[in-house]
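Asker: Mapping of the sequence shown onto mature numbering (1 follows the signal peptide of the UniProt record, and there is no 0): residues -26 to -1, 1 to 150, in sequence order. Just so it is clear, CB atoms sit at the ideal spot from N, CA and C, and this is done for glycine as well. Below you'll find the structure I mean.
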Amino acid sequence: MRDQIKLPLTAAAAVLALAAPGVVHADAAKDLGVAGRALTFLENGPAGKATLGVVFDPSKPASVAEKNALMAALGSGYAAGTLTLVGKAIEADAVGGAAGVQALFVTGGVNYGAVGSAAKGKKLITIGSDMACVRSGACAMGVETEPKVSITVNRAAAAAVGASFKAAFRMMITEI
């Protein structure tokens, strides 16, 4: 009897483990919407049409899935207030050579330290939905849309790329 119960539970645990990466980033369009609107609060930030680099690790299925969802949400152009974002997929190890992007959205699971260093060298603001990226200083801004919308800005990381936010925005965010 014990073995009969163990097998279904093991199978259920495996299914949940495989599904878990999708749960973390359940709605890329929501994350993108918050990130896009946040970019409009940057002093001297991008305006009009801007390219958002979507940084991913091709060896990590969850990172690739998040990249695919973000690129699908971006489509041929994603309107966020006065800003229209278009996407450009960038492999994590190619961030240092990335050209023509105004900001980077860092997917979960990439080597945050390497991506953050490369982005700082290019003075690109980094955004992610994984707060570990923000806490590490590799992402200047983190967005979460579940269970509620919250935006966290790493002051040191933002300052390192020359990003400063309008006062009205700073009242709505958490700074670390």
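DSSP three-state call for residue 21: helix, strand or coil?
Answerer: Correct three-state label for residue 21: coil.
Asker: What are the boundary residues of the beta strand (DSSP E) that includes residue 116?
Answerer: 115 to 118
Asker: Quick check on the DSSP output: the alpha helix (DSSP H) that includes residue 110 runs from which residue to which?
Answerer: 105 to 110
Asker: Apart from the five residues on each side of it in sequence, which residues of its chain come closer than 6 Å, Cβ to Cβ, to residue 147?
Answerer: 125, 127
Asker: Would you say residue 102 and residue 113 are within 8 Å of each other, going by their C-beta atoms?
Answerer: yes
Asker: Tell me which residues share the same chain as residue 130 and place their Cβ nearer than 8 Å to its Cβ, disregarding the 5 neighbours each side in the sequence.
Answerer: 111
Asker: Can you tell me which of 23, 123, 115 puts its alpha carbon nearest to the alpha carbon of residue 213?
Answerer: Since the first and last residues shown for the chain are -26 and 150, residue 213 lies out of range.
Asker: Would you kindly report the start and end of the unbroken alpha helix (DSSP H) that includes residue 41?
Answerer: 35 to 48
Asker: Could you tell me whether the segment 13 to 27 touches the segment 71 to 83, using the rule of 3 or more Cβ pairs below 8 Å?
Answerer: yes
Asker: In angstroms, rounded to a whole number, what distance separates the CA positions of residue 10 and residue 49?
Answerer: Taking the Cα positions, residue 10 is about 14 Å away from residue 49.
Asker: Based on the DSSP secondary-structure assignment, which residues constitute the bridge partners of residue 81?
Answerer: According to DSSP, residue 81 bridges with nothing at all.
Asker: What's the gap between the Cα of residue 133 and the Cα of residue 149?
Answerer: Looking at the two C-alpha atoms, the distance is approximately 12 Å.
Asker: Closest by CA to residue 58, which one among 47, 67, 42?
Answerer: 47
Asker: Considering only the beta carbon of each residue, do residue 151 and residue 138 sit closer than 8 Å?
Answerer: Residue coverage of the chain in this structure runs from -26 to 150, which leaves residue 151 outside it and unanswerable.
Asker: Candidates 107, 23, 104: which alpha carbon is nearest residue 76's?
Answerer: Minimum Cα distance to residue 76 is reached at 23.
Asker: Apply the 10 Å Cβ neighbour rule to residue 33 and answer buried if 16 or more other Cβ atoms are within range, or exposed otherwise.
Answerer: exposed
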